[in-house]
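If you're matching them up, the sequences are chains A and B in order. Under this note's numbering, read the first sequence as residues 1 to 291, first letter to last. Under this note's numbering, read the second sequence as residues 292 to 710, first letter to last. Using N, Cα and C, we set each Cβ at its ideal position, and we do this for glycine too. Heads up, the thing below is written out as structure tokens.
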Amino acid sequence: MEVSGALLANAIIAGLLLGGFYAAVSVGISISFGMLDVVNIAHPAFIILGSYIAYIVNDQFGFDPIVVSIVVSPLFFLLGMVLYRIYYLCFERRGQESLRGLAFFFGILFITEVALVLIFGVDYRMVNTRYGDVTWRMGAIDFPMRLVVPFLVSMVMVIGIQLFLTHTFFGRAVLAVAQDQLALRLMGVNPVRVKELAFAISIATASVAGAFLIVIQPVQPAIGREYIGLVFAVCVLGGMGSIWGTLLGAFVLGLAETFTSTFFGPSWAPAVSFGLLLATLAFRPSGLLGR
Amino acid sequence: MTGTRFSTLGRALCALGLALGLAGAALAQQPLKIGFGMSLTGPLAGNGKAALIAMEIWRDDVNAKGGILGRKVEFVYYDDQTSPATVPGIYTKLLDVDKVDLVVSGYGTNVIAPAMPIMMQRNITFMTLFGLNVNSKFSYDRYFQIMPAGPNPAVGWSQGFFDAAMSMNPKPKTVALVGADAEYPAMALEGAREHAKKTGLKIVYDKTYPPNTVDYSPIVRAIQATNPEIVFVASYPPDSAGMVRSANEVGLKTRMFGGGLVGPQFAALKTQLGPLLNGVVNYEFYAPDLGSKFPFLEKFLGKYQARAVVEKVDPLGFYLPPYAYAMMQVLDQAITATKGLDQAKLAEYIHKSEFDTFVGKVRFAKNGEWAASRVMMTQYHGITGNDVEQFKKPGRLTVLSPKEYKTGDLKAPYHENKK
């Protein structure tokens, strides 16, 4: 195969677009797992829930799935609050969050999947959008709107979350809760409340990420399991609790995947991606931008 | 004294006879239990659920006629989650705990292969549903498979695709092969390599990809960089959608594209991809244009389509469901003819007989595959929008092969026929 400039440029663009999507599906985990120490293994299930809500509204009313996901994200926020409250009362407060909490989120994952199967059936679902089959071409470089639109919205979401966390009192409280809860209490802030709201934000991002997913590919209720490894890998590679790190980790994995697929063979892509993860952790155990 | 003793013995014998008779009658009334695993969740659940509906329709039809050998048919089944790892446990439980009388397979190569060692250890006659070339590795003489891929399935599967390719003028010289890292694509690609060797096509790209790939455009671009004249793809539904979309986005320029895409046979992908399917050459087992040649299907589809809408699975039912029903018809006819459940007799009977089913006459080859291939290679065209109704009517699918079902010629190149 001849390596041309166009092939290289397309691989870079495709890697960045894919990275943007990976950042969207991982940013919630970066908050819950990286900052709050809540191993929300059910996060991909909420992403799929977001996909199905976007699907049903798109199918019935023809609304754009990404717009729908932004509109319904407050409901996901409320769901996140309720979920964290249950998790806190049943596990975290009793100091049983490590193993039993993990089992709790596994349970949530399966319950969500089964509920989706019962309501929507097991067939693949996909949405129709105006931009879904459109590709912009700039010379020899392709910009498929199916990936460009999720990328752009993802950037707004991830950068918005980062700015929110670093430029508001509540955001700084979330960063503080990851570092020293006692100090936060001494400042007169309730860490449980902070964690509850931060966890709710992480679940709200799943709504938007779910819409991206169903814009990009067909979805069935159990497809979320395929993303469990990926979201945690992005989070760990970027550095626990760092949103910029999550973005960087997502781009690194996206670029690694597209470069491997383009130039060496797609079956090597997971090995290269996870090899990169291992190498990074060997030389920088806290991840690319972790503290 | 002698009379009394005789009388006691006689009474005991009568009681024993009566007990045995009652037990026999009770046995005859016991349901005939057929066990299987089926993909009811996971990536192939849409197909698994559709197959289950078809099998349930068969069960209800049979029971309405009084069952088989006077016994009502009952299913015992478990969700294999489309995971090969669950299969050995499911079949062990079915045979040892549930004590089923017969077993059949779930849907697809990935879940049939892991059940084979258990069937072989216990000498069980195993009717299977849409496994591609599974028995090539096992050579089990009690294995039977209902997909019409012919006696050499890996080759028969893509025969029509390569026949159509070699019918082009000028003949193509290069081919790209691509598929998912899974059992079915591996088998299909193996057959495609054989075709390439036979026809003298130079393989310029031969790679697989992980099934959970999100973006397929780098793969399609890598294929395009090798300038293949034809592209054979062996994929499962989500990757079929990804490959077709990416071929459209990248603007893949090739003379033929498709071959072994699983997914476009179902309404879900047909409607979701819509016009993007135009120009794609792919296998199907039924085309509405051939309705007159499959009159027996109408009765089945009438029952199936009504249930499919309620259960939210493939509303067309052209692909897998009729064969799931036919698989059970073969078993039914074999049990009735042999008047029992003797595994050796069932296998012997299935080997030597021809079966009249909803998918037509079925005869099996020595390796348990169909004696003759009936894989239709088709080309999609004239699809507009995403309405499902257009796929129920003739005119959207040209059958390129086999000869007896041919309705038109191949239109090439692919990128100029996306209308």
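Taken residue by residue, none of the region 447 to 466 of chain B has a beta-carbon sitting less than 9 Å from a beta-carbon on chain A.
At a cut-off of 8 Å between beta-carbon atoms, A/I216 makes contact with chain B.
Contact between the region 358 to 367 of chain B and the region 251 to 266 of chain A is not established, with fewer than three Cβ pairs separated by less than 8 Å. Listed as beta-bridge partners of A/Q96 by DSSP are no residues whatsoever. Cβ contact annotation for A/F91 (same chain, cutoff 7 Å, sequence separation greater than five): E97, R100, G101, F104, in chain order. Secondary structure note for B/E474: its alpha helix (DSSP H) is the uninterrupted segment 474 to 490.
In terms of Cα proximity to B/L331, the closest of B/M438, B/G397, B/T490, B/G570 is B/G397. With respect to chain A, the C-beta atom of B/S644 has no partner C-beta closer than 8 Å. For B/V604, the three-state secondary structure derived from DSSP is coil. Between A/L147 and B/Y574, the alpha-carbon positions lie close to 29 Å from each other. Separation of the CB atoms of B/V572 and A/G121 is rounded to 30 Å, and the pair is thereby denied contact status at 8 Å.
Note that the region 668 to 684 of chain B touches the region 601 to 618 of chain B; at least 3 beta-carbon pairs, one per stretch, sit closer than 8 Å.
For B/V679, there is no enclosing beta strand (DSSP E), as DSSP marks it with neither H nor E. Bounds of the beta strand (DSSP E) holding B/Q670 are 667 to 671.
Residue contact check for A/V122 against chain B: a CB pair falls below 8 Å.
Between the C-alpha atoms of A/V114 and B/E639 there is a straight-line separation of about 42 Å.
Put simply, the region 468 to 476 of chain B does not touch the region 536 to 543 of chain B. Fewer than three CB pairs are less than 8 Å apart.
Taking every protein chain shown into account, the CB of A/L109 has 16 or more other CB atoms within 10 angstroms, so this residue is buried.
Residues of the region 263 to 274 of chain A with a C-beta less than 8 Å from any C-beta of chain B: F263, G265, P266, S267, A269, P270, listed in chain order.
When CB distances to chain B are screened at a threshold of 9 Å, the residues of the region 15 to 41 of chain A falling below it are G15, L17, L18, F21, Y22, in chain order.
Between the region 623 to 635 of chain B and the region 586 to 599 of chain B there are fewer than three inter-stretch CB-CB distances shorter than 8 Å, so the stretches are not counted as touching.
Going by C-alpha positions, A/L230 is about 43 Å away from B/S692. Using a Cβ-Cβ cut-off of 7 Å, A/V252 is close to nothing in chain B; its nearest Cβ partner there is about 15 Å away.
Per DSSP, B/T465 is one residue of the beta strand (DSSP E) stretching across 465 to 471. A distance below 6 Å between beta-carbons, with the five flanking residues on each side excluded, links B/V395 to the following residues of its chain, in chain order: F327, M418. Its chain contains I521, V522, V524, A538, G570, V571, V572, Y705 as the residues whose beta carbon lies nearer than 8 Å to that of B/F548, once the 5 sequence neighbours on both sides are disregarded; these appear in chain order. In the structure shown, B/D370 falls within a strand segment according to DSSP collapsed to helix, strand and coil. Around B/P463, the same chain offers A456, M457, L492, E520, I521, R546, M547 as residues with beta carbons nearer than 8 Å, after the five sequence neighbours per side are excluded.
Using a C-beta cut-off of 8 Å, the region 193 to 208 of chain A makes contact with the region 171 to 179 of chain A, since at least three inter-stretch Cβ pairs fall below that distance. Residues of the region 597 to 630 of chain B whose Cβ lies closer than 8 Å to any Cβ of chain A, in chain order: E602, K603, V604, D605. The C-beta of A/V148 comes no closer than 8 Å to any C-beta of chain B. Exposed is the label assigned to B/D351, since fewer than 16 other Cβ atoms lie within 10 Å of its Cβ. Between A/P65 and A/T166, the CB-CB gap reaches or exceeds 8 Å.
The region 321 to 387 of chain B contains, as complete beta strand (DSSP E) runs of 3+ residues, the segments 323 to 329, 364 to 370 (chain order). Cβ contact annotation for A/A6 (same chain, cutoff 6 Å, sequence separation greater than five): A140, in chain order. In the structure shown, the three-state DSSP call for B/P509 is helix.
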